[in-house]
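Quick note, my numbering runs 456 ahead of the 1-based positions in the sequence shown. For glycine and all other residues, C-beta sits at the position ideal for the given N, C-alpha and C. The structure presented is a predicted model; accordingly, all values stated were derived computationally and were not measured.
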Amino acid sequence: MQQSKIVMPCPPHMAPILRKELEQLGYKIANEGPLEVSINGTYEDCMFLNLHLRTANKVLYQLKSFRCKNPDQLYQQLYQVKWEEHLYEEGYLCVTSYVNNEKILNTQFANVRVKDAIVDRIKDQTGNRPDSGPLRDQMVVFLHWMDEQASIYLDTSGETISKHGYRKIPGKAPMMEALAAATIMESNWKADQAFINPMCGSGTLAIEAALMAANIAPGQFREKFGFHYLKGFDLEAFDQMKKAAKEKETKPKKEIIATDHSRLAIQAAEKNADFAGVKDFITFKKCDFRDTEIPEGEGIVFLNPEYGERLGEETELANLYAQIGDFFKQECKGKTGYIFTGNLKLAKRVGLRTKRRIPFLNAKIECRLLEYELYAGTKKDKN
């Protein structure tokens, strides 16, 4: 099976986490950049990665990389690709791109030139041409064009895999599933420890923890990926991959607890967890975060409070952040505390020294995952 470069884009700050995830899946890293990690692999690897990756946005299979100065050269280079071997002549095609070239003032123009090269080639070879448009639910091709270097990829994901597909009721300002997974991976939590998630909202953090603890592949919730619409992919082999992944699923070893003061939030979280197949692994309870029962033993307490993005909200939330600090000190001794927030001014109200401050980006908001070591006795006793 032919090997090529496989690129997995990801949000800012998440490439090191994605790299570790790939290494744990047994892959050797070819390159890591600020917004992507790449390996060398086959179509089969693309299917496996779409099924198993928790922190990537896409899985892109490179067809060609070349020097390119202008749109005419782009067309000429791409017309030479044997598209009839990769795309169906009677299918539906979407072209997406990242373009940073002085000759291109409108990205859509580059997309049109890519589309023209593809459909002209297919029509000349087969007599038919695929339809095209903006929808990413079938065949998707991605162009990366930086200065005079261009690369063209088959987008084997189609719609982004950063959405894991189980969240039917998103709730208020939810974390993207991939971001939630990345923050958990970057914490010190292990699957044989308790995971406590007060202020759970629609349940994304608790559900992602349960999926990891139960070894459930996030791609199990997707009916189809981009590769389902591409030539050359062995879909029977993918069914076997899904079956093999299913056989490796297990039951979490320790408690996963999710609480929220909102009954609607708890109902949404329970429905989302049920769709993800992990409802029985999570203890849900409607209560104030301060009344969350903290089990004995090792574990983490993970909160994602509001950031106070609108005028006047900071004052209202200042007391909440101070209460979180009191909750950590009084009720969570012996655990590791985490707060994910986009407001470091409010975070100061927690009143505890952070052990780590890990950067993330939530949409366009610069955030931090703040880690607090909550000693059962004194720090001297801990040492």
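Taking the C-beta atoms as reference points, phenylalanine 681 is found nearer than 7 Å to serine 613. Excluding five sequence positions before and after aspartate 587, the CB atoms of its chain that fall closer than 6 Å to its own CB belong to Tyr548, given in chain order. Looking at the backbone, the Cα of leucine 534 and that of valine 515 are separated by about 20 Å.
Classified as buried, phenylalanine 740 has 16 or more neighbouring CB atoms from the shown chains inside 10 Å of its CB. Closest by C-alpha distance to aspartate 736, out of Asn799, Phe694, Ala666, is Ala666. In the displayed model, valine 493 falls within a strand according to three-state DSSP. Leucine 830 is positioned such that its CB atom lies closer than 7 Å to that of glycine 793.
For the options Gln696, Ala637, Asp603, Leu491, the alpha carbon positioned closest to that of phenylalanine 504 is the one of Gln696.
Non-local C-beta neighbours of asparagine 760 in its own chain, meaning closer than 6 Å and more than five positions away in sequence, comprise Phe796, ordered along the chain.
Taking a cut-off of 8 Å for Cβ pairs, the region 656-675 and the region 619-636 touch, as three or more such pairs fall below it.
Annotation for tyrosine 828: the continuous beta strand (DSSP E) segment containing it runs 821-829. DSSP, reduced to helix, strand and coil, places tryptophan 645 outside both helices and strands of the structure shown, so it counts as coil.
Note on the region 535-586: whole alpha helix (DSSP H) runs with a minimum of 4 residues are 563-582, in chain order.
Annotated three-state conformation of glutamine 605 is strand, per DSSP. When DSSP states are grouped into helix, strand and coil, proline 654 belongs to the coil group. Here lysine 742 carries a strand assignment [DSSP, helix/strand/coil]. The closest CA to that of glycine 621, considering only Lys571, Ile652, Arg510, is found on Arg510.
The beta carbon of leucine 776 is closer than 7 Å to those of Pro761 in its chain, skipping five residues each way along the sequence. For proline 815, the three-state secondary structure derived from DSSP is strand.
Inter-segment contact for the region 743-763 and the region 697-708 is absent: fewer than three beta-carbon pairs are separated by less than 8 Å. Counting the other CB atoms within 10 Å of its CB gives lysine 571 a total of 16 or more, which places it among the buried residues. Between the beta-carbon of tyrosine 685 and that of glutamine 594 there is about 4 Å, and that keeps the pair under the 8 Å contact cut. From the listed residues Phe784, Gln459, Asp580, the smallest Cα separation to aspartate 747 is found for Phe784. Between isoleucine 814 and glutamate 642, the CB-CB gap stays under 7 Å.
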